[in-house]
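Data block below; observations after.
In UniProt numbering, the protein residues as written are 1 to 132.
Dropping the structure here:
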């Protein structure tokens with residue numbers, strides 16, 4: 001049991017995001033009042049506090065904003081080291097923390113990446129990114 005990847009808590013705010021991930025689609029929110037995209041999922045726009053939020057499909061393209069290479073990990077991740085964790089800024093303007101797949105030596109800030117989907121268990125698909 002302890003070697004399983006921790007499963008995300010799926011609540012009313014995040015369910016459309018995870019439903020999209022299961023379909024291999026990246027969905028983020030858009031405030032209909034101020035026009036700004038939102039991530040992570042929430043009920044109120046953090047920019048203008050409007051409750052007028054809808055879900056839109058992201059292109060899944062962005063740039064690496066920041067990253068680190070994990071050499072020592074805990075729990076179920078210890079046998080996957082080293083791996084790259086990054087903050088990716090999507091073209092829509094939101095940032096999300098994710099893993100970068102591929103050759104670590106080619107990972108640099110401002111490199112362009114695209115979303116890919118990886119099965120992380122029988123019931124869990126995760127969005128990762130890779131260099132393009």
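In this text, a Cβ means the ideal position worked out from N, Cα and C, and glycines have one as well.
On a predicted model such as this, the values are computed, not experimentally measured, just so you know.
Reference residue 73, options 84, 11, 22 and 29, closest by Cα: 84
As assigned by DSSP and simplified to three states, the class of residue 123: coil
Straight-line gap, residue 41 to residue 98 (C-alpha atoms, nearest Å): 15 angstroms
Cβ-based burial, residue 49 [other Cβ within 10 Å; buried from 16]: exposed
Inter-residue CB distance, residue 96 and residue 39 (contact presumed, cutoff 8 angstroms): 5 angstroms
Own chain residues within Cβ distance below 7 angstroms of residue 114, not counting five before or after: 60, 61, 129, 130 and 132
Alpha helix (DSSP H) segment containing residue 17, residue limits: 15–22
Alpha-carbon to alpha-carbon, residue 105 and residue 30: 35 angstroms
Residue 63 vs residue 32 beta-carbon contact at 8 angstroms: no
Coarse secondary structure for residue 75, derived from DSSP in three states: helix
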